[in-house]
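Residue numbers (my numbering): 2 to 110. First the structure, in the form of structure tokens, and then the observations on it.
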Amino acid sequence: MNNSSQEWKVVASLEQKGNYFQLKPTTLNVKKKDRDDFTLSFKPTWVMQHTALLTLRNDSTKEEYEYELKGYGEEPLAEDHRVLNCAARETQTTYFDIKNNSDKQLTYQ
2 MNNSSQEWKV VASLEQKGNY FQLKPTTLNV KKKDRDDFTL SFKPTWVMQH TALLTLRNDS
62 TKEEYEYELK GYGEEPLAED HRVLNCAARE TQTTYFDIKN NSDKQLTYQ
């Protein structure tokens, strides 16, 4: 919240290995007596831990704040539960839809 009588220019930067944390926008012009927001997201590729350093710098007041970010990627939750009932020595065929969240074709074996 900018409670001052002048507009603030706030610059945000991320230091990290990889690109798991994303920040948009990187610069905000906050009007006097107003507020604005950065959007920070964490997008792990699989089960993992990742850290980053977020720096917010107010160019108008010369203040700087640092935050250590910790992201934890966990195994995804089950999306469905299926129960198959079949008798011994009988063949049963069941089909499952598999989501592909990537931009390329995947082959599962």
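Built from N, CA and C at the ideal position, the CB exists for glycine as well.
Requested in this report: Using three-state DSSP, classify Phe97 as helix, strand or coil.
Outcome: If you number the sequence shown from 1, residue 97 lands on position 96. Coil.
Requested in this report: Spatial neighbours of Ser42 within its chain, please: CB distance less than 6 angstroms, with the 5 preceding and 5 following residues excluded, ordered by chain position.
Outcome: Against the sequence shown, residue 42 aligns to sequence position 41. Contacts found: Gln23.
Report task. Using the Cα positions of Lys44 and Tyr21, report the straight-line distance between them to the nearest angstrom. Result -> One-based indexing of the sequence shown puts residue 44 at position 43. One-based indexing of the sequence shown puts residue 21 at position 20. Each residue's alpha carbon lies about 5 angstroms from the other.
Requested in this report: Sort Leu15, Pro26, Arg36 and Ala13 by Cα distance to Ser6 and report the nearest one.
Outcome: On the sequence shown, position 5 is the one that residue 6 refers to. That would be Arg36, whose Cα lies nearest to the Cα of Ser6.
Query raised in the report: For the region 47-99, which segments carrying the beta strand (DSSP E) assignment without a break, of at least 3 residues, lie completely within its bounds, in sequence order?
Result: 49-59 and 64-74
Requested in this report: Please say whether Glu8 and Asp32 have beta carbons closer to each other than 7 angstroms?
Outcome: Position 31 of the sequence shown, counted from the start, is the residue given in the question as residue 32. Position 7 of the sequence shown, counted from the start, is the residue given in the question as residue 8. Checking the displayed sequence, the identity of residue 32 turns out to be Lys instead of Asp. Contact: yes.
Report task. Compute the distance between the beta-carbons of Val48 and Glu80, then report whether it is under 7 angstroms. Result -> Residue mapping note: residue 48 aligns to position 47 of the sequence shown, counting from 1. Residue mapping note: residue 80 aligns to position 79 of the sequence shown, counting from 1. Against a cut-off of 7 angstroms, the Cβ pair of Glu80 and Val48 comes out as no contact.
**Report entry** Closest by C-alpha distance to Thr28, when choosing among Glu69, Thr40 and Arg90
**Finding:** Within the sequence shown, numbered from 1, the residue matching residue 28 stands at position 27. It is Thr40.
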